[in-house]
Structures are given as C-alpha cells and as structure tokens.
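Quick note: the sequence shown, position 87, residue 888 per the working numbering, numbers continuous. All C-beta atoms, glycine included, are put in the ideal place defined by N, C-alpha and C. All values reported here derive from a predicted model rather than from experimental measurement.
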Amino acid sequence: MRDVDEGGRDVSEPGRRPLKPLPPELDGPVREFTEQLRAVFRDRTELNQRGLAEALHLTKSPVSRYLNGQEVMPADTFAALCELAGLTPRERQRLGRLRQEAAEAAERGRRSEQQDEGAASTGGVAGGPAGGPASMRTPAGANTPAGPAGSAWPARRARLAAVLRSPAGLGALAAAAAVCAGTFAVVGAQTSGGPADTGKDTNMTADRPADGPSCRTTRVYRVIEDGDILDAGRNDIGDVHADDVFRLDRAPAGRPYRFRDYGHVAGTRTKGYVDQAKLKALGSRCVDEHG
C-alpha cells in the first residue's frame, strides 16, 4: 500500500514519512510559502526530515517547524535549501518573494499577540477607577510585560495601583519617605563626627550644646533601682536612686570591678562604681565636663 499526501503524491519512499496536514488556522502568506516549501522538500529532494536537517546543519526540530508552518525559514537557511534542491534562479526569486512576505506577516502577527497580551495584563490598570489620575492609567493595547504565564501578577498590579491611588496609600508613601529621611539624617550625623551609638536613644543628642573645650561625649544611663557608689577599695562613698541620671567618667587605671561602671550622678561630684544591673542605657551625649 502506498502512502500519499493530501495532494495525492507518493511519499512511500523508504524512511520518509508523510507530512502532517497544515493546521486550518494557518493562512495567508505563511500558509502559501509553507505549501511551496513542502513541495520543494517532497519533489526536489530525496531526504527525510532528519536527512534534510543534517544537510542544512540543523537539528530536526527547526526543520519540522519550518515544514509545518510554525516558523518561517530564515533567509540563510532558505538559500542553503535552494542550493541543495537545485532550484533555478527564477524559482529562487519567486519562492524567495513568498518567503519574505511570509516572514513579514509572521512578524506582524507576533507583534499583535504581544500587544494583546500587554493589554490583558494591564486591564485592571489601563482604565483605572473613575476619576483616577491619568498618570496611573496605561493606554489600551500598550506593549507591557504580561508576567509569567498563568500568574496572578496582572491582578496584583491592578490592586497595587488602586492602593497607591487611595488616601491611605498616599499616606503610607509619605510615612515611608519620612522614615527614609530620618535614616539619612542619622547616617549623616555619623559620617560628620556625630555619636556612633545609634542603637540607643537618639533624643539624648538632640539638645547637644555647641562643642567646646569643656564638652565631651559620654554614655548616659537612668538609674532603675536604688544602690550605692563604691570606690576602688570597695568603700561606700555615696548612693544612687531610681530615676537619677548617671554619667560615665574616665575610669582610673585598673578595673577593680567586673560588673560596675565608673561615673557620677548628674549634678553631683561624687565619682565611683555603680552596679550595671541598676542602670538602663539612654544613649550618648555631649556634656559639660563639670556637669
């Protein structure tokens, strides 16, 4: 039994399978060129698809796409096929003109699909809610990325745009801008010689007096529990009380205590060691040497 194609031609040569019918939706210049290409393959070569692919230095997959109208054969591959099939200059010219028209039609179709996908992906944003700002609306048919196939990105994009247009969304943007401004201010203070310990209460540096010979930066604590002040000999030389402000001083040489800080209560001159467990850090500030 002979194998014949849709045109009644014998395609029963050994190792050569009949080509599948072209899909009904394939029309216009692409279909016309593909039909002529298939005729050249059938009538002017004795190769199967794999042999044609090897002769054109391709894999079988692109050759199959060319012969089934899924892709228009590129100009360089077409020239190689014409040479392989022994087409006359007139045949090459005629078929080459069909190939060019098919390539242009395929490109127009591809662009149209991209525009349709872009319009679909921005459908919730393109029109926008009634009265929405024009800058938030995307013109219908705009060529915008559609996101991963089947993803929820188009819907998320629409919801995001709606939130940004709302008063609450604008307020959130303003708050974010304020936070960023504050961050830059802290960084600027650090790079210009301000206190490096930004993990503490920065309000302690807001009322910093102008630097002068008697001004020094020190750590400041709030006393959270009554306690005593000891000297290096472990003698009780004073007291601290809850809510006192305790400032660190430069400790004398040597450190007799492991968990006590050396300093004084603001407004007094008694300097000694206080239990760290009774102190809560407030930050760093520039204070008068005699304060």
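| Item | Value |
| --- | --- |
| Residue burial classification, Lys1079 (beta-carbon count within 10 angstroms, cutoff 16) | buried |
| Distance, Gly829 Cα to Asn869 Cα | 14 Å |
| Anticipated Cβ contact below 8 Å, Arg1023 with Asp1050, distance rounded | Going by Cβ atoms, the distance from Arg1023 to Asp1050 rounds to 17 Å, so no, they are not a contact pair. |
| Lys1095 versus Ala1033: straight-line alpha-carbon distance, rounded | The structure shown does not extend to residue 1095, since the chain is modelled only from 802 through 1092, so no value can be given for it. |
| Unbroken beta strand (DSSP E) run spanning Lys1072, endpoints | 1072-1076 |
| Identity of the residue in Gly910, Val1046, Glu892 nearest Arg1086 by Cα | Val1046 |
| Cβ pair count under 8 Å reaching 3, the stretch 856-868 against the stretch 912-924 | no |
| Distance between Arg1020 and Ala1082 (C-alpha atoms, nearest Å) | 8 Å |
| Boundaries of the alpha helix (DSSP H) in which Val841 is found, first to last residue | 829-845 |
| Bridge-paired residues (DSSP) for Cys1087 | Thr1018 |
| Arg1051 - DSSP class collapsed to helix/strand/coil | coil |
| Phe1060 burial status per 10 Å Cβ neighbour count (16 or more: buried) | exposed |
| Buried or exposed by the 16-neighbour rule on C-beta atoms within 10 Å, applied to His1144 | Outside the shown range of the chain, which is 802 to 1092, sits residue 1144, and nothing can be said about it. |
| Straight-line gap, Pro824 to Ala876 (C-alpha atoms, nearest Å) | 24 Å |
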